[in-house]
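Residue numbers (the working numbering): 213 to 545.
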Amino acid sequence: MLSVIITCQNAANGLKRCLESLRAQSLQPAEIICIDDGSTDNTFEILEAYATQTLKQMQILKHPKPLGLGAARNTGVAASQGDYVSFVECGDTLHPDFLKHLHDNISHFDSEVACCRIHHQDPVSGDFHHAPNQPPWMLNCLLPEKFIQGTINTAFVAIGAWSCLYRRDFLMAQIEPFPNEPHMADIIPYLQRSLFAKDVCFVSDAIYYRHHKTKMQQPMPVQLDCATNLKTYQTLYDFFEQAVPEKAAETCCYFMTHPELKHEATLAQFVAEHPTLTSADFEHYFDPRELRRIFDRHHPQRGYLQHSGIKRLWARIGYAYHQHQRKRLSQLA
């Protein structure tokens, strides 16, 4: 039995496309649980119309006032009965085989979690694109070795509870309840499944379509006020203290302050701008061989930038010689 949980708050603009993509699934879920988290628009009316006309397996739960993304997901999990549970954002859409592919894989490999790659909507053009496969070293970034336990190299992994199918026993034991601090309802489940799942399988196709931010999608901590920031960071630290007690503080700090280090281009720029760093400073977070390659290429004191400096020097000498020759020839003329 498969359950889909959708959390909604003032989602009238994108809710219909989400529900239509659910209606088109080749493998229909046994139950669809929608939580209206205190909406003030016509979200509830849209849900009612679909529940009575096209999605008969839909159950609607309503919070009288907004309680937050984590609380809404907890309400949905408590009401669900499926052996497998998937979370879908109210403004996102699914490939028709989204549930089928995830269910086929999680069943075949007897995994605890099945994930897929994602199409992201460009905020300017509105077009969808998916990120290229990550190089293996990116799967090691920021966290100790167990971070990639059960994952497959070159798989694109999203930070969020959505785009996945969870086995219920794993969800209840390792993830639920969802935290309600801003943004933690996505970050903590991502870390929990990465650190605690023994087997995670991946669908290499991008079959989840991530649309523009909805009301339920929460801002990153840097966009929040100081008091909320502190509560958010404390929640994250508490998790790391339990998951990786030997490196809780440094892991938490690196995860929150260096998300850009997940990408080689920005890591290379970071390395180039901090000439005193060595690869040993990151050995707990990255594969040492890949780090050495990046440092050797981009470190100001060696490798690529040094060779560029030599090339610039030779170009300057060549230019000076050329100018001298021109001056000499003009004098002879």
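From the three backbone atoms N, C-alpha and C, an ideal C-beta is built for every residue, glycine too.
Closest Cα partner of residue i within the set the options
{"i": "Gly282", "options": "Asp411, Ala397 and Arg405", "result": "Ala397"}
{"i": "Ala418", "options": "Glu458, Ser319, Ala290 and Phe310", "result": "Phe310"}
{"i": "Lys443", "options": "Asp381, Pro391 and Ala291", "result": "Pro391"}
{"i": "His315", "options": "Ala284, Ser375 and Thr264", "result": "Ser375"}
{"i": "Ala284", "options": "Ala455, Ala373, Ser406 and Lys228", "result": "Ala373"}
{"i": "Asn222", "options": "Pro241, Gly294, Cys246 and Ala242", "result": "Cys246"}
{"i": "Gln269", "options": "Val325, Gly294 and His331", "result": "Gly294"}
{"i": "Leu448", "options": "His423, Gln333 and Tyr402", "result": "Tyr402"}
{"i": "Thr305", "options": "Tyr421, Ala460, Gln333 and Pro241", "result": "Tyr421"}
{"i": "Cys220", "options": "Leu214, Met213 and Cys230", "result": "Cys230"}
{"i": "Glu232", "options": "Thr266, Glu243, Asp248 and Leu214", "result": "Thr266"}
{"i": "Asp248", "options": "Tyr262, Ser406 and Pro278", "result": "Pro278"}
{"i": "Ser406", "options": "His395, His320 and Ala455", "result": "Ala455"}
Proximal residues to residue i (C-beta, below 7 Å), its chain only, five neighbours per side dropped
{"i": "Pro308", "result": "Ala236, Gln237 and Ser238"}
{"i": "Gln386", "result": "Gln404 and Phe408"}
{"i": "Ala291", "result": "Ile245, Gln271 and Leu273"}
{"i": "Ile318", "result": "Tyr296, Ala326, Leu377, Arg379 and Cys413"}
{"i": "Pro276", "result": "Gly250"}
{"i": "Pro389", "result": "Asn286"}
{"i": "Phe321", "result": "Asp411 and Cys413"}
Residue-chain proximity (residue i, chain C), Cβ-Cβ < 9 Å
{"i": "Pro241", "result": "Judged by its chain identifiers, the structure shown contains no chain C, having just a single protein chain."}
Euclidean distance between Cα positions of residue i and residue j
{"i": "Ile217", "j": "Ile371", "result": "18 Å"}
{"i": "Thr264", "j": "Leu234", "result": "15 Å"}
{"i": "Phe451", "j": "Pro457", "result": "9 Å"}
{"i": "Gly288", "j": "Lys228", "result": "19 Å"}
{"i": "Ala224", "j": "Thr255", "result": "5 Å"}
{"i": "Cys300", "j": "Lys410", "result": "The question names Cys, yet the displayed sequence has Val at residue 300. Their backbone Cα atoms lie some 23 Å apart in a straight line."}
{"i": "Lys312", "j": "Ala460", "result": "38 Å"}
{"i": "Asn286", "j": "Ile330", "result": "24 Å"}
{"i": "His423", "j": "Gly303", "result": "6 Å"}
{"i": "Pro179", "j": "Gln446", "result": "In the structure as shown, the chain begins at 213 and stops at 545. Residue 179 is therefore absent and cannot be evaluated."}
{"i": "Ile400", "j": "Glu257", "result": "32 Å"}
{"i": "Gln333", "j": "Leu214", "result": "27 Å"}
Limits of the unbroken beta strand (DSSP E) element including residue i
{"i": "Lys312", "result": "Lys312 -> not in any beta strand (DSSP E); alpha helix (DSSP H) instead, spanning Phe310 to His320."}
{"i": "Val415", "result": "Val412 to Arg422"}
{"i": "Met396", "result": "From DSSP, Met396 is part of no beta strand (DSSP E) but of the alpha helix (DSSP H) over Met396 to Phe408."}
{"i": "Thr252", "result": "Here Thr252 belongs to no beta strand (DSSP E), and DSSP marks it neither H nor E."}
{"i": "Leu383", "result": "Here Leu383 belongs to no beta strand (DSSP E), and DSSP marks it neither H nor E."}
{"i": "Val456", "result": "Where Val456 is concerned, there is no enclosing beta strand (DSSP E), given that its DSSP letter is neither H nor E."}
{"i": "Lys274", "result": "Met270 to His275"}
{"i": "Glu393", "result": "Segment: none, Glu393 is in no beta strand (DSSP E) and carries neither H nor E."}
{"i": "Ala373", "result": "Per DSSP, Ala373 belongs to no beta strand (DSSP E) and is neither H nor E."}
Bounding residues of the alpha helix (DSSP H) (the contiguous stretch that carries residue i)
{"i": "Phe552", "result": "No answer is possible for residue 552: it lies beyond the span of the chain, which begins at 213 and ends at 545."}
{"i": "Leu281", "result": "Leu281 to Ala291"}
Beta-carbon proximity list for residue i, same chain, < 6 Å, skipping 5 on both sides
{"i": "Gln518", "result": "The predicted position of Gln518 is uncertain, since its pLDDT is 49 and thus under 50; no value can be drawn from it."}
{"i": "Arg280", "result": "Strictly speaking, residue 280 in this sequence is Gly, with Arg absent from that position. Only Asn392 meet the Cβ criterion."}
{"i": "Leu259", "result": "Cys246 and Ile272"}
{"i": "Leu383", "result": "Val297"}
{"i": "Asp253", "result": "Asn222 and Ala224"}
Any non-hydrogen atom of the ligand MG within 8 Å of residue i CB
{"i": "Ser416", "result": "In the structure shown, the ligand MG is absent, as is every other ligand, since no ligand is present at all."}
Close Cβ partners of residue i (< 8 Å) along its chain, the five nearest in sequence each way excluded
{"i": "Val415", "result": "His313, Leu314, Asn317, Ala326, Cys327, Cys328 and Arg329"}
{"i": "Ser323", "result": "Asn317, Gly362, Arg379, Ala409, Asp411, Val412 and Cys413"}
List, from N- to C-terminal side, the alpha helix (DSSP H) runs of 4 residues or more that fit wholly inside the stretch 223-249.
224-235
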